[in-house]
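Asker: Mapping of the sequence shown onto our numbering: residues 7 to 340, in sequence order.
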Amino acid sequence: MIAACPKCRTRYKVDDAKIGASGIRLKCTRCETVFRVEMPAVEAEVMEEEAPAPPLKDPARLVLVADPDTTSCQKTADALRSWGLFPVTANDGVEAILTIQRELPRVVVLDAALPKMYGFQICELMKRNESLRHISVVLIGAIHDENRYRRSPNEIYGADRYLERPDLPQGLQLLLKEFGLPISERAARVTPTAKAAPAPAPVAKPKMEPPRPVVPPAAPTPPPRAATPPAPSVVAPAPAPVSTPTPPTPKNDGLDAIRTKAERLARVVVSDVVLYNQDKFNRAVQNGTALKQMEPDLVEGRAHFNAQIDARVRAEKDYLAEELLRVARMRGMR
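#1: Quick check on the DSSP output: what are the complete alpha helix (DSSP H) runs of length 4 or more inside the stretch 252-313, in order along the chain?
#2: Alpha carbon to alpha carbon, what distance is there between Ser190 and Thr39?
#3: Would DSSP call Tyr325 helix, strand or coil?
#4: Given Cys79, which residues of its chain have a CB within under 7 Å of its CB, disregarding the five upstream and five downstream residues?
#5: May I ask you to report which of helix, strand or coil DSSP gives Thr16?
#6: Tell me which same chain residues have a C-beta within less than 7 Å of the C-beta of Leu120, skipping the five on either side of it?
#7: Determine the DSSP secondary structure at Asp166, reduced to helix, strand or coil.
#8: Tell me which residues share the same chain as Val327 and place their Cβ nearer than 7 Å to its Cβ, disregarding the 5 neighbours each side in the sequence.
#9: According to DSSP, which residues form a beta bridge with Ala172?
#10: For my contact list, Pro65 and Arg112 are in at a C-beta cut-off of 8 Å; report their separation, rounded to the angstrom.
#11: For Thr82, which residues in the same chain have their Cβ closer than 6 Å to its Cβ, ignoring the five residues on either side in sequence?
#12: Taking Cβ to Cβ, would you say Arg265 is nearer than 7 Å to Glu329?
#13: Cα separation between Gly177 and Arg318?
#14: Does DSSP put Ile146 in a helix, a strand or coil?
#15: Taking Ile106 as part of the alpha helix (DSSP H), name the residues at either end of that continuous run.
#16: Label Leu180 either buried or exposed according to how many other C-beta atoms from any shown protein chain fall within 10 Å of its C-beta, with 16 as the threshold for buried.
#17: I need the boundaries of the beta strand (DSSP E) containing Ile189, first residue and last residue.
#18: So Ala290 and Met300 are supposed to be a Cβ contact under 8 Å. How far apart are they, rounded?
#19: DSSP beta-bridge partners for Asp84?
#20: Measuring straight from C-alpha to C-alpha, what distance separates Ile30 and Arg42?
#21: Between which two residues does the alpha helix (DSSP H) carrying Ile128 extend?
#22: For Ala9, name the three-state secondary structure that DSSP assigns.
#23: If you reduce the DSSP assignment to three classes, tell me which class Arg42 lands in.
#24: Quick check on Leu104: buried or exposed, where buried means 16 or more other Cβ atoms within 10 Å of its Cβ?
#25: Grouping DSSP H, G and I as helix and E and B as strand, with all else coil, what is Met339?
#26: Pick from Leu110, Leu86, Ser137, Ile106: whose alpha carbon is nearest that of Gly125?
#27: Please state the DSSP three-state secondary structure of Leu138.
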């Protein structure tokens with residue numbers, strides 16, 4: 007039989023084979039209420055109540071956030087959730103375009119410099135696709151000068167709006183309301199602002215000395231031989247000293263994380279330059295002079311890059327030039 011707690015209504019299944027006539031008192035494991043049932047049982051098994059089905063994703067509230075920075079991506083998703091929306095996330099361009107095709111979100115928030123596939127390439131692809139062009143696109147770029155972008159957002163690869171990264175996530179709220187998304191009234195009136203925790207004091211990393219070349223031990227000097235009368239002979243020229251090549255510096259120098267940051271920042275800077283100077287860049291690609299033509303536009307980004315990246319890593323190669331040439335070759339430059 008089934009016995010229910012009279013207070014919290016938790017149900018218990020009682021073994022019928024052990025039913026007695028005198029009844030038995032049971033104690034509810036949930037609210038600890040003691041109650042009597044007519045049919046006693048030695049053991050009672052709590053019947054789990056069916057969990058309510060999770061709410062279905064409302065297509066009108068679905069927003070994709072594609073951001074390679076997982077911390078920033080999660081922060082934006084949490085803000086969207088607090089506004090009554092349904093966020094989905096992606097951390098690279100391939101994952102983003104697959105999610106867009108599968109979920110068909112109402113709005114897509116794209117970082118312009120996504121790995122594997124640039125955000126502005128995804129935007130172009132969406133606006134050329136009949137089944138995706140209705141989705142509103144907010145393009146996020148790395149801005150080094152707040153007065154730099156003066157063009158209409160729909161001229162930038164078809165994006166509906168353009169937003170600077172420092173404006174995330176709060177800058178999205180007004181844009182989403184303009185797109186017609188149902189932002190909850192409470193969230194619209196009260197926007198929580200989290201206090202930034204004080205940054206921890208930097209921990210000094212021990213300096214790693216470069217490996218010292220191994221010097222082979224000197225050969226022992228042979229003992230002097232007894233004097234013998236000199237024999238006429240032709241003296242051969244002494245062989246030229248053989249120079250020992252210096253072994254290459256190993257890469258386990260503690261700079262791998264900075265190299266990764268340099269590659270990432272180079273992608274951001276170059277994508278920003280290409281994003282704003284697309285006509286000039288396309289002409290330079292056709293002429294095969296991308297690096298020469300775009301170098302003046304890299305001045306500001308290069309200064310930002312030099313301020314962020316360790317000089318030892320910058321001395322290894324020109325990250326910005328390599329990234330610009332890579333993008334130009336992707337566009338067809340030979």
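Beta carbons: idealized from backbone N, C-alpha and C, even for Gly.
Answerer: So, to answer that:
#1: 262-282, 284-293, 296-300
#2: Position 33 of the sequence shown, counted from the first residue, corresponds to residue 39. Position 184 of the sequence shown, counted from the first residue, corresponds to residue 190. If you take the alpha carbons of Thr39 and Ser190, they lie about 40 Å apart.
#3: Here the question's residue 325 lines up with position 319 in the sequence shown. In the structure shown, Tyr325 falls within a helical segment according to DSSP collapsed to helix, strand and coil.
#4: Along the sequence shown, one-based indexing puts residue 79 at 73. Taken in chain order, the residues that qualify are Val71, Asp73, Thr95, Asn97.
#5: If you number the sequence shown from 1, residue 16 lands on position 10. Note: Thr16 maps to coil in three-state DSSP.
#6: As a position in the sequence shown, residue 120 is number 114, starting the count at 1. Excluding sequence neighbours, Leu120 sits near Ala72, Pro74, Asp98, Gly99, Ala102.
#7: Residue 166 sits at position 160 when you count from the first residue of the sequence shown. If DSSP states are grouped into helix, strand and coil, Asp166 belongs with coil.
#8: For this step, residue 327 is matched to residue 321 along the sequence shown. Checking the sequence, you will find Ala at residue 327 rather than Val. Correct list, in chain order: Leu297.
#9: Position 166 of the sequence shown, counted from the start, is the residue given in the question as residue 172. Note on identity: in this sequence residue 172 is Pro, with Ala being the wrong assignment. DSSP, once it has assigned bridges, lists no residue as partnering Pro172.
#10: Here residue 65 refers to the residue found at position 59 when the sequence shown is read from its first residue. Here residue 112 refers to the residue found at position 106 when the sequence shown is read from its first residue. That pair is a contact at about 6 Å.
#11: Residue 82 sits at position 76 when you count from the first residue of the sequence shown. Contacts found: Val71, Leu174, Pro175.
#12: Along the sequence shown, read from residue 1 onward, the residue named residue 265 stands at position 259. Along the sequence shown, read from residue 1 onward, the residue named residue 329 stands at position 323. Their beta carbons are not under 7 Å apart, which means Arg265 does not touch Glu329 by this criterion.
#13: Start at 1 with the first residue of the sequence shown, and residue 177 comes out as number 171. Start at 1 with the first residue of the sequence shown, and residue 318 comes out as number 312. In this structure, the straight-line span from the alpha carbon of Gly177 to that of Arg318 is close to 37 Å.
#14: Against the sequence shown, residue 146 aligns to sequence position 140. In the structure shown, Ile146 sits in a strand (DSSP, three-state: E or B).
#15: Taking the first residue of the sequence shown as 1, we reach residue 106 at position 100. Residues 99-109.
#16: In the sequence shown, residue 180 corresponds to position 174, counting from 1. When all chains shown are included, Leu180 counts as exposed.
#17: The sequence position of residue 189 within the sequence shown is 183, counting from 1. No beta strand (DSSP E) holds Ile189; DSSP gives it neither H nor E.
#18: Numbered from 1 along the sequence shown, position 284 holds the residue referred to as residue 290. Numbered from 1 along the sequence shown, position 294 holds the residue referred to as residue 300. Indeed, because the Cβ distance is near 6 Å, the residues count as touching under 8 Å.
#19: In the sequence shown, the residue the question calls residue 84 occupies position 78. Answer is none; Asp84 lacks a bridge partner.
#20: For the purposes of this step, residue 30 is taken as residue 24 along the sequence shown, with counting starting at 1. For the purposes of this step, residue 42 is taken as residue 36 along the sequence shown, with counting starting at 1. Roughly 5 Å separates the two Cα atoms.
#21: As a position in the sequence shown, residue 128 is number 122, starting the count at 1. Counting along the chain, the alpha helix (DSSP H) containing Ile128 begins and ends at 125-134.
#22: Start at 1 with the first residue of the sequence shown, and residue 9 comes out as number 3. Looking at Ala9 - three-state DSSP - the assignment turns out to be strand.
#23: Within the sequence shown, the letter at position 36 stands for residue 42. Correct three-state label for Arg42: strand.
#24: Locating residue 104 in the sequence shown gives position 98, counting from the first residue. When all chains shown are included, Leu104 counts as exposed.
#25: Translated into positions along the sequence shown, residue 339 becomes position 333. Here Met339 sits in coil by DSSP.
#26: For the purposes of this step, residue 125 is taken as residue 119 along the sequence shown, with counting starting at 1. Of Leu110, Leu86, Ser137, Ile106, the residue nearest in Cα terms is Ile106.
#27: Against the sequence shown, residue 138 aligns to sequence position 132. Leu138 falls in the coil class under three-state DSSP.
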